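Each remark here refers to the structure printed beneath this line.
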Amino acid sequence: LRDSAEHVSAWASLHRVQQFRFFGIPGRQAYRELRLLAGQAARVQGERKAGAPVLDNPRLDAVLAAADAGCFATYIMKQGGVLVPRKHHLVRTAYELNDEPSAYGDHGIRIYGIWSPIVEGKICTHAMKWKKVRKAVDVQEAAADQGACAPWTRGNNCPPVENTNKSGGDLPDIKTMNDKELQDYLHNMGQKERRELTARLRLVKPKRKTVYKQNISEQQRLQLKAELTARGFEGSASEIDLLLRGGSIPSGAGLRIFYRNQRLQEDDKWRNLY
């Protein structure tokens, strides 16, 4: 790679021309539009004889045939040759303004098709207009992701009332203090009490591992077993138990299957972990 970089730098410093930059040739977008037009014409013509002319003008049809055959050299020559100004090319890309303005209020341009200065009119190759829309929210699926999957916040992470009730004791008498009262309380504490307070603050209780398992009916269990069998798995009790506990099973090509919201799904979000 280092030797190649030296050759590239030497070539660029000698010729003063950007490498991998197309210049002096007909437009490549017109080449793409001609190939698109040839494919559309082949679908419309059906069982028409292969090689039949698509355009009425023989000069334009020769350019289209060269592009459809994939011979870029012939396409260049049919367009007029190398280092010919684009105003002399036979086929050019046609553009039009968008019907709807953008978020900034301007009407951008989009590709319409092709046109030629030797004939009148334009040929449309993009009849369908696509528009980006937001994906509709599945209310049932969105409502199902609750409970154990709810994100932790300051309110439901470690509520003091919930933690004290687990031990079965009475709720402690929590007293609020302002800054002056807190300073006086800490100032009047002895060394032993301060050490005990510091030890309690540094003590980190280990997190308890919560057991997560989805509860499904017998009919859903049979359906899950049938789906696993259809995908080529054994559908054994151990596989079903693994999926119900939130685990996943490799299904090939870097994908894994998992069970969520009473559905067997497949995703590659574990690819970076395996």
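Position in the sequence shown counted from 1, then plus 87, gives you my numbering. Backbone N, C-alpha and C fix where the C-beta goes; we use that ideal spot for every residue, glycine too. As the structure is a prediction and not an experimental result, all values here were calculated from the model.
When rounded, the separation of the alpha-carbon atoms in R115 and L177 is 13 Å. Inclusion of I201 and A117 in the CB contact set at 9 Å is warranted, their separation being smaller than that value.
Following the DSSP letters along the chain, one finds T212 in no alpha helix (DSSP H), marked with neither H nor E. Judged by DSSP in its simplified three-state form, G168 adopts coil rather than helix or strand.
Bounds of the alpha helix (DSSP H) holding Q127 are R115 to Q132. Fully contained in the stretch 263 to 324 is no beta strand (DSSP E) run of length 3 or more. E321 has its alpha-carbon roughly 57 Å from the corresponding atom of T180. Counting C-beta pairs closer than 8 Å gives three or more between the stretch 121 to 131 and the stretch 145 to 157, which meets the contact rule. At the C-beta level, I327 and L315 come within 9 Å of one another. With contacts defined as CB atoms closer than 9 Å, G333 and K312 fail to qualify as a contacting pair. Per DSSP, the beta-bridge partners of Q352 are F345. Listed in chain order, the non-local C-beta contacts of D148 below 8 Å within the same chain comprise P140, V141 and L142, local neighbours out to five positions each way being set aside. A distance of 9 Å or more separates the beta carbons of S338 and L329.
For L184, the enclosing beta strand (DSSP E) has its first and last residue at R179 to L184. By alpha-carbon distance to E305, the top candidate from L273, L290 and Q349 is Q349.
Inter-residue distance for A340 and K222 is about 27 Å (C-alpha atoms, whole angstroms).
Scanning its chain for C-beta atoms nearer than 6 Å, with the 5 sequence neighbours on each side dropped, one finds around L121 the residues L151 and A154, in chain order. Residue range P145 to A156 is occupied by the alpha helix (DSSP H) that includes R146, with no beta strand (DSSP E) assigned at that position. Y182 is a Cβ neighbour of Y199, given a cutoff of 9 Å. In this chain, the beta strand (DSSP E) harbouring Y199 covers I196 to W202.
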